[in-house]
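Peer 1:
There are 2 protein chains.
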Amino acid sequence: MRILDIRETAVPVRSSMRNAVFDFSEMTTSIVAVVTDRVAEGRPVVGFAFNGTGRYACGAAMRARFIPRLLKEPPEALLDAEGFVDPEKCVAVMSRREKPGGEAERAWAIGTIETAIWDAVAKARGLPLWALLARRYGPGTPSGRVFCYVGGGWYRPGQTVADLQDEMRRHRDAGYVLLKTKVGGLPLDEDRRRIEGVLEIVGDPRNLAVDANGAFDRDRAFAYAEMLAPYGLRWFEEPVAPTDFALYAEVCARYQPAIGTGENLYSLQDVRNMIRFGGLRPDRDVLQVDPPQAFGLSHFARIVEAAEAAGFSRAQIFPHGGNQMSLACVGGLGLGGCEAYPGVFGAFAGYADDARVEEGWMRLPDRPGIGFEAQSELYALMRELAPEVTAARAS
Amino acid sequence: MRILDIRETAVPVRSSMRNAVFDFSEMTTSIVAVVTDRVAEGRPVVGFAFNGTGRYACGAAMRARFIPRLLKEPPEALLDAEGFVDPEKCVAVMSRREKPGGEAERAWAIGTIETAIWDAVAKARGLPLWALLARRYGPGTPSGRVFCYVGGGWYRPGQTVADLQDEMRRHRDAGYVLLKTKVGGLPLDEDRRRIEGVLEIVGDPRNLAVDANGAFDRDRAFAYAEMLAPYGLRWFEEPVAPTDFALYAEVCARYQPAIGTGENLYSLQDVRNMIRFGGLRPDRDVLQVDPPQAFGLSHFARIVEAAEAAGFSRAQIFPHGGNQMSLACVGGLGLGGCEAYPGVFGAFAGYADDARVEEGWMRLPDRPGIGFEAQSELYALMRELAPEVTAARAS
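In order, the protein sequences belong to chains A and B. Going by the working numbering, the first sequence runs without a break in its numbering and finishes at 1313. Going by the working numbering, the second sequence runs without a break in its numbering and finishes at 1313.
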């Protein structure tokens, strides 16, 4: 198996959403296509990925550094024992001549290329990516389905509590059980009214999580911790700045229910620091690293193993992303669940067009690879990068 | 004062050096020019900066996000009380719509633009940048000169201990007193022979520092700590990975003399974490953050203040970079000293063509701004970005 070409393009995410800290109006993402010499089901095998949401496109670094390093490497040096391209070896090659530290500067550029390589390898092997990840990093999910919750409740201009309740009712009607809503974008009393409004819809407070997107300083974090604790919500996500480990430890010491964090940690070292110095509690807290943004799925698997070694259960890991890349990790590594953002990030979130959530659970796809081919709006963008896929289809 | 245009270009660093971890053969850097509406000494005021060495060019993020945000902002919103552009306000504007965390992805893009703005503001005010920084962040350096040491002793193919001694002798002959050499690129015994060889040249072990560039795992870090401790060297730099705070704490507990670190920390939060969790000793250890790479000089000033609040003396701060941007910080903020890399990074290191080091000290420049105009090779590259400077000169 040989990588013939790697292409990328930047695409606007076009989201009008706002959380407690920032809006997404300028947001872009990078789509990557890895073209290989393999053919599967009569089509050239091309792997696809995108760098998720919340971070900007990173194509310049790919073009200048990571793509040339891979394409210059002797192809046989990138193969595993079975003759397929080995994503871990590709990460090692892409990381050459990079100074230690400053990982975030390259974590999603490398991670997105790595994820597209996984898509290609899974297609070349004729396996859904979750099944390939289960084989390599185990244990997979025996039920053939994964838990999926909604990351919603964004702030919108003029929104009332009744509007928020309507949104949450729609998510429940669509089959979701666990819902998440934003906090920190309004004064505490107004946020409390929002939470009480949503609790009327979800009933059990274990079916509601809240997300502050790292907005709080010390005083406000403590005030929210005190306000939120009696509800016993599923988790309180990113109360404070993502790497303020000392303040995390203080919040964890004052807030009994679960804390969630990790979507803004980009390496195994970051996660180790958070676990060690952030005071996280292995018996309850939730880790949410974004796989393609954190050097890709093989690095993410090492993060999962490190968390497990520190006493966390895989059921406490909910990768960030709300897309089929995270879905494959949840299904392959046997994690707690994945996120969905219905209607928020356009083509750049969500699952196969025919995916259905029933009582909070979604069936794993049986298409080879990640399964982007079954997401028509997103795949239309991806296909533009690799017309050979369309041409072969037409023939 | 108004910013009319901000331009950038990527330039190869063309260095053949190697440390214990990586080589610099593909390295690039971004040069930035900030064109203003001011005229000083008959020339349009243009501020310049570059993003240092060790990290790659970052122009795509500048073009896509940071430059448009600044140029779209109403110009009066960027001014200080005296009508000059305020670099701190510029950082706040450039940071809009950026998700918290992952700071390294934008720290040097934002920091390089911010540094070029400082250059422009200092020229508009007719002050050397170090003097302007002293006025704003104090206390400056009363002697009018700064300490300067050599970061040398890189690994070269075929190099003998005698070759290394020759290099170090040249640095001593050039006026430097404190020298630094690499460790970790060879087995411990060979590195020991290199150190003993250099000690023959420098004499006092307080005039020698060593730099592992984060290369060591736990065992090797401990072995080097044990080997190095009896020498009582000036400092042992970056023994382990830059954000492995737990391992830093272990090394600090075992190694009595000073540790140096920080060139791969990119934010105030990173430095706070290192001080708090890395076991650094405020009475001896050395901090080496790179100002234009860590969100620029105003953010760097906050880092210096935080270190001082934690008990460090400003004399223990030696900013990374080996260029006139770090020199201005050392002179303006009254820091321990700056680095020089004679002959290593081509145009992208070093000081004014007429700068002289005498017994380890260098006079502060009296040219307005950073002083790049007096570095002919570097300024020739910068001038290409802003031909209006040349045109006005000719008239």
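Think of the CB as a built atom: it goes at the ideal place given N, C-alpha and C, for glycine as much as any other residue. It should be emphasised that the depicted structure is a prediction, and the values quoted were computed from it without experimental measurement.
At least one CB of chain A closer than 8 Å to the CB of D1203(B): is that the case?
Peer 2: By this cut-off, D1203(B) is not an interface position.
Peer 1: Enumerated in chain order, which unbroken segments of the alpha helix (DSSP H) with a length of 4 residues or greater are wholly contained in the region 995-1028 of chain A?
Peer 2: With a minimum length of 4 residues, the continuous alpha helix (DSSP H) runs that stay inside the region 995-1028 of chain A are 1005-1012.
Peer 1: Which residues of chain B have a Cβ atom closer than 9 Å to the Cβ of Y1166(A), listed in chain order?
Peer 2: Those do not exist, as Y1166(A) stays about 11 Å from chain B at its closest Cβ, beyond 9 Å.
Peer 1: Can you look up A1159(B) in the DSSP assignment and give me helix, strand or coil?
Peer 2: Looking at A1159(B) - three-state DSSP - the assignment turns out to be coil, as it is neither helix nor strand.
Peer 1: Residues bridged to R961(B) by DSSP?
Peer 2: The partner list for R961(B) (beta bridge, DSSP) reads A958(B).
Peer 1: Answer with buried or exposed for Q1174(B), where buried requires no fewer than 16 other C-beta atoms within 10 angstroms of its C-beta.
Peer 2: Counting Cβ neighbours within 10 Å, Q1174(B) comes out exposed, since fewer than 16 surround it.
Peer 1: Could you tell me whether the Cβ of N1191(B) comes closer than 8 Å to any Cβ of chain A?
Peer 2: So yes, N1191(B) belongs to the interface.
Peer 1: Just to confirm the assignment, what range does the beta strand (DSSP E) spanning I1235(A) have?
Peer 2: Element bounds for I1235(A): n/a, residue is neither H nor E.
Peer 1: At the 8 Å Cβ level, is G1132(A) part of the contact set with chain B, yes or no?
Peer 2: With 8 Å as the cut-off, G1132(A) counts as an interface residue toward chain B.
Peer 1: Does the region 1048-1068 of chain B come into contact with the region 1011-1018 of chain B, if we say contact requires no fewer than three beta-carbon pairs (one atom in each stretch) closer than 8 Å?
Peer 2: With a cut-off of 8 Å, the region 1011-1018 of chain B and the region 1048-1068 of chain B do not count as touching, because too few Cβ pairs lie within range.
Peer 1: Please state the DSSP three-state secondary structure of I921(B).
Peer 2: I921(B) falls in the strand class under three-state DSSP.
Peer 1: So, does the CB of R983(B) fall closer than 8 Å to a CB anywhere in chain A?
Peer 2: Yes, R983(B) lies at the interface with chain A (some Cβ there is under 8 Å from its Cβ).
Peer 1: With 8 Å as the limit, tell me which residues of the region 1254-1275 of chain A have their beta carbon closer than that to any beta carbon of chain B; keep them in chain order.
Peer 2: Of all residues in the region 1254-1275 of chain A, none has a Cβ within less than 8 Å of some Cβ in chain B.
Peer 1: Any Cβ of chain B within less than 8 Å of the Cβ of S905(A)?
Peer 2: Since the displayed chain A opens at 919 and closes at 1313, residue 905(A) lies outside it and no answer follows.
Peer 1: Please identify, using Cβ separations under 7 Å, the residues of the region 1143-1175 of chain B that lie next to chain A, in order along the chain.
Peer 2: The residues in question are A1159, P1160, T1161, D1162, F1163 and A1164.
Peer 1: Looking only at C-alpha atoms, which of R1152(A), D1284(A) and R1190(A) sits nearest to F1163(B)?
Peer 2: Cα-wise, what sits closest to F1163(B) is R1190(A).
Peer 1: What's the C-alpha gap between F1263(A) and T1030(A)?
Peer 2: Cα to Cα, the separation comes out at about 18 Å.
Peer 1: Between R1138(B) and chain A, is the shortest Cβ-Cβ distance under 8 Å, so that the two count as touching?
Peer 2: No, R1138(B) does not count as interfacial toward chain A.
Peer 1: Starting from F1140(B) and walking both ways along the alpha helix (DSSP H), at which residues does that stretch end?
Peer 2: From DSSP, the alpha helix (DSSP H) with F1140(B) extends over R1136 to L1146.
Peer 1: Could you please give the first and the last residue of the uninterrupted alpha helix (DSSP H) stretch that includes I1119(A)?
Peer 2: I1119(A) -> alpha helix (DSSP H) spans L1106 to V1120.
Peer 1: Looking at chain A, is there any beta carbon in it that lies within less than 8 Å of the beta carbon of V1011(B)?
Peer 2: By this cut-off, V1011(B) is not an interface position.
Peer 1: From D1084(A) to R1111(A), what does the alpha carbon distance come to, in whole angstroms?
Peer 2: So the alpha carbons of these two residues sit roughly 15 Å apart.
Peer 1: Do A1292(A) and R1285(A) count as a contact pair if the criterion is CB distance below 8 Å?
Peer 2: Yes, they are a contact pair.
Peer 1: Among all the DSSP beta bridges, which residues are the ones paired with Y1297(A)?
Peer 2: Y1297(A) is not bridged to any residue.
Peer 1: Would you call T1078(A) buried or exposed, if buried means 16 or more other Cβ atoms sit within 10 Å of its Cβ?
Peer 2: Classification of T1078(A): exposed, given that the 10 Å Cβ count is below 16.
Peer 1: What three-state label does DSSP hand Y1173(B) in the structure shown?
Peer 2: It is coil, neither helix nor strand.
Peer 1: Quick one: what's got a C-beta closer than 7 Å to D1004(A)'s C-beta in the same chain, skipping five residues either side?
Peer 2: Closer than 7 Å at the Cβ level, and outside the excluded window around D1004(A), lie L996, L997 and D998.
Peer 1: How about G1076(A) and T1099(A): are their beta carbons less than 8 Å apart?
Peer 2: No, these two residues do not count as a Cβ contact at 8 Å.
Peer 1: Would you say V939(A) faces chain B, with C-beta separation under 8 Å as the test?
Peer 2: Yes, V939(A) lies at the interface with chain B (some Cβ there is under 8 Å from its Cβ).
Peer 1: Is Q1206(A) close to chain B, meaning its C-beta is less than 8 Å from at least one C-beta of that chain?
Peer 2: Q1206(A) does not count as touching chain B.
Peer 1: Looking only at its own chain, which residues have a Cβ that is under 7 Å from the Cβ of V1248(B), when we skip the five neighbours before and after it?
Peer 2: Here the set comprises V1064, P1237, G1255 and C1256.
Peer 1: I need the DSSP call for E926(A), collapsed to helix, strand or coil.
Peer 2: Three-state DSSP puts E926(A) in a strand.
Peer 1: Which residues share a DSSP beta bridge with W1279(A)?
Peer 2: Partner(s): F1065(A) and E1276(A).
Peer 1: So that I know if they touch, is there some Cβ in chain B lying closer than 8 Å to that of F966(A)?
Peer 2: No, no contact with chain B.
Peer 1: Does any C-beta atom of chain C lie closer than 8 Å to the C-beta of K1017(B)?
Peer 2: The structure shown contains no chain C; its protein chains are A and B.
Peer 1: Could you name the residues of the same chain whose beta carbon sits closer than 6 Å to that of A864(A), not counting the 5 residues immediately before and after it, in chain order?
Peer 2: This structure leaves residue 864(A) out entirely; chain A is present only between 919 and 1313.
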